[in-house]
Amino acid sequence: MPNRALLTAATGMQVQQQNVDNIANNLANASTVGFKRTRLEFQDLMYQNMRSAGAAANASTPLPVGLQIGMGARSIASEKIFKQGDYKETQNPLDMMVEGSGFFQIRQASGEIAYTRAGQFHLNEQGQIVTAGGDQLEPSITIPTEATSVTIAKDGTVSTTTAGQANAQNVGQIQLAIFANPAGLEALGGNLFKATGASGQPTVGAGNANGIGAINQGYTESSNVSVVEELVNMISAQRIYETNSKVITTADRMLGTINQAVN
Amino acid sequence: MNYGLYTIFLGMRARQNTLETQANNIANASTTGFKAQRMTYGTFEAEKKGTGDRQLLVAGASAANSTDFSSGSVQLTGRSLDVAIEGDAFIQIETPNGPRFTRAGNMTVSDGGQLVTKNGDLVVGEKGPITIPRDTELSIGKRGTLSAGGKDIDTLKLVRFDNPAAALLKDGDTVFKATGAENPQPATNSRVVQGSLEGSNINTISEMVAMINNNREFESLQKSLTLLMNDMGRKVSGEIGKI
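So the protein lines, in turn, are chains A and B. Heads up: the first sequence runs through residues 48 to 310, numbered per the working numbering. Heads up: the second sequence runs through residues 48 to 290, numbered per the working numbering.
Spelled out as structure tokens, the structure:
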């Protein structure tokens, strides 16, 4: 029945709808520091084998081709693309950018560790390094109130200088986490990610070693969304959506034709 | 039995199958590594009446489809675990139901560090399952050689078929299964392109044109059906009227 074509076209429209939803979220975050764009991935659904190739058409001739009717498409994965975003110099001493694949570790209010690429940090009233949301950097680092400047080395060592003291003081070291499959991280919103079974457990270490990535002070990592690319994808999604709707019109017309024939 | 009606039924059924196939092609316009299906119509012989020059062939059309394995357009993604294949090779994967073949090179890494497809099926190399070291960037060479930190890990198992349309059946999830018509052979002439993906090979314009054409054929068949039924109706009522 053309019914099957109607349902198949509906799956095609649904997939493009989700595609546009995702593009909208990417575009909305084109200026979000540390944001990583998401790419939707699609697969075809199962096939109904109406007639198998190679089956006997009659005693002597096997059918050269069969008939497989597919049931449409679905979104299989939303893949975070962890491509490095552009560097933006801010000269703010608590802005940090990871050059490599590491994530900053953030201790949330619940006690759980979340991971982020957004290295815009601040100090709270106790002098601890926190995110804009107030969650502490893990391991916790406190900047003494009398400190006049903060220096963060590529390996994450945080040192401060104080007026009247000749030597800089080491106040802690930032540890970064890397994952076997960062695309398997779950986005929590607020630029934070959570480890899942798919991402694997993090390997934690100091920056600038073992592929973890170096920490650059005074820079932020821009969103890796390319507005042009998203717009092109949006146009293409809209056109394919339209084409799928034409399939529905055609299937409907064929059903109408049958109804005309039997009245 | 009315043979005309039967022939029209076969023709209409074939057009329905065509629309269903077109709907699936169009629904998968954005599916990575998707291969469109093309329709072929054959003559379906139901019965032969009489012999010699007084022969009446009772026949109609039957639809079949086969996969068009032409390449889709290649898009640059810049992701290290995306590969597109230039040439006729397939990436071999291992599923719980046995080996499968795919052109969708959007691979990922499982929590155990193994190279897998988006469905979690193992992508196999020449030495079996491939484990990716987690702290170094993976590079994939033209021949499918996987290396990390200057050390070769394994090579993607790339295979090809002389006649893929007969050797492979669609199995959903953008993978194909072998029909057994032909054994997979090592692919030596294909090139792996890292950081790219092969898009769907459907052409929306030609699909639309074919769909309009198919719809018109269906309508013509409906017209023949109406004619045939009216004709029969008149005859029957005419004959009955005489009695």
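Think of the CB as a built atom: it goes at the ideal place given N, C-alpha and C, for glycine as much as any other residue. Bear in mind that the values here come from a model prediction, so they are computed numbers and not experimental data.
{"query": "Just by C-beta distance, which residues in the segment 164 to 177 of chain B are closer than 8 Å to chain A?", "result": "Lys165, Asn166"}
{"query": "Going by Cα to Cα distance, which pick from B:Asn75, B:Gly58, B:Thr114, B:Ala74 is closest to B:Val105?", "result": "B:Gly58"}
{"query": "Listed in chain order, which residues of the segment 191 to 208 of chain B have Cβ atoms closer than 7 Å to some Cβ of chain A?", "result": "none"}
{"query": "Would you list the one or two residues that DSSP bridges to B:Leu203?", "result": "B:Gly172"}
{"query": "At the 8 Å Cβ level, is B:Glu141 part of the contact set with chain A, yes or no?", "result": "no"}
{"query": "Examine the Cβ distances between the segment 132 to 141 of chain B and the segment 205 to 215 of chain B and report whether three or more of them are shorter than 8 Å.", "result": "yes"}
{"query": "Could you give the first and the last residue of the continuous alpha helix (DSSP H) run that contains A:Glu126?", "result": "No alpha helix (DSSP H) holds A:Glu126; the beta strand (DSSP E) holding it covers 120 to 127."}
{"query": "Quickly, what does DSSP pair B:Gln139 with across the bridge? List them, please.", "result": "B:Phe148"}
{"query": "Mind checking if B:Phe265 is an interface residue toward chain A, Cβ cutoff 8 Å exclusive?", "result": "yes"}
{"query": "If I follow the unbroken beta strand (DSSP E) through A:Ala261, where does it start and stop?", "result": "261 to 264"}
{"query": "According to DSSP, A:Tyr162 sits in a beta bridge with which residue or residues?", "result": "A:Gln152, A:Phe240"}
{"query": "B:Asp158 and A:Gly231: beta carbons closer than 8 Å?", "result": "yes"}
{"query": "Specify the secondary structure class of B:Leu272 as computed by DSSP and reduced to three states.", "result": "helix"}
{"query": "Within 8 Å (strictly less), CB to CB, does A:Phe89 reach chain B?", "result": "yes"}
{"query": "Please report whether the beta-carbon of B:Asn230 lies at a distance below 8 Å from any beta-carbon of chain A.", "result": "no"}
{"query": "Can you check which of these residues, A:Asn96, A:Leu87, A:Ala215, is closest to A:Ile123 by C-alpha distance?", "result": "A:Leu87"}
{"query": "What does A:Gly244 touch in chain B if you count any residue whose Cβ is under 8 Å from its own?", "result": "Asp158"}
{"query": "By Cβ distance, which residues of its chain are closer than 6 Å to B:Ala213, with the 5 residues on each side in sequence left out?", "result": "Ala228"}
{"query": "Using only the alpha-carbon positions, how far apart do A:Asp299 and B:Glu264 sit?", "result": "15 Å"}
{"query": "Since A:Phe192 contacts A:Gly219 with CB under 8 Å, what's their CB separation in whole angstroms?", "result": "As written in the sequence, residue 192 of chain A is Thr, which differs from the Phe given in the question. With 8 Å as the limit, A:Thr192 and A:Gly219 do not qualify as a contact, their Cβ atoms being about 16 Å apart."}
{"query": "Indicate whether B:Leu185 and B:Leu128 have their beta-carbon atoms separated by less than 8 Å.", "result": "yes"}
{"query": "Could you work out which residue in B:Phe56, B:Leu66, B:Gly160 is closest to A:Ser246 when comparing CA atoms only?", "result": "B:Gly160"}
{"query": "Among all the DSSP beta bridges, which residues are the ones paired with A:Gln222?", "result": "A:Ala253"}
{"query": "Whole angstroms is fine: what's the gap from B:Leu215's alpha carbon to B:Pro146's?", "result": "12 Å"}
{"query": "Residues in the same chain with beta-carbon distance under 7 Å from B:Lys189, minus the five sequence neighbours each way, listed in chain order, please.", "result": "Arg238, Val239"}
{"query": "Pull up the distance between the alpha-carbon of B:Thr90 and that of A:Val294, whole angstroms please.", "result": "27 Å"}
{"query": "Comparing C-alpha positions only, which one of B:Ser194, B:Glu266, B:Ala111 sits nearest to A:Met15?", "result": "Nothing in the structure corresponds to residue 15 of chain A, since chain A is present only between 48 and 310."}
{"query": "Going along chain A, which residues have a C-beta under 9 Å from B:Ile132?", "result": "Near B:Ile132 there are no residues of chain A at all, since even the closest Cβ is about 17 Å away, more than 9 Å."}
{"query": "Checking contacts by CB at 8 Å: is B:Ile138 closer than that to chain A?", "result": "no"}
{"query": "Which stretch, first to last residue, makes up the beta strand (DSSP E) that contains A:Met97?", "result": "94 to 98"}
{"query": "Which residues mark the beginning and the end of the beta strand (DSSP E) in which B:Gln122 is found?", "result": "121 to 123"}
{"query": "Within 10 angstroms of its Cβ, does A:Met93 collect 16 or more other Cβ (buried), or is it exposed?", "result": "exposed"}
{"query": "Residues of chain B with CB closer than 9 Å to the CB of A:Gly260, please, in chain order.", "result": "Ordered by position in chain B, no residue passes the 9 Å Cβ test against A:Gly260, which lies about 10 Å from the chain."}
{"query": "Cβ of B:Asn352 within 8 Å of Cβ of B:Leu244?", "result": "Past the edges of chain B, shown from 48 to 290, lies residue 352 of chain B, and the structure says nothing about it."}
{"query": "Tell me the DSSP bridge mates of B:Thr54?", "result": "Paired residues: none, contrary to the question."}
{"query": "Between A:Thr198 and A:Ser206, which are expected to be in contact by the criterion C-beta below 8 Å, what is the C-beta distance as a whole number of angstroms?", "result": "5 Å"}
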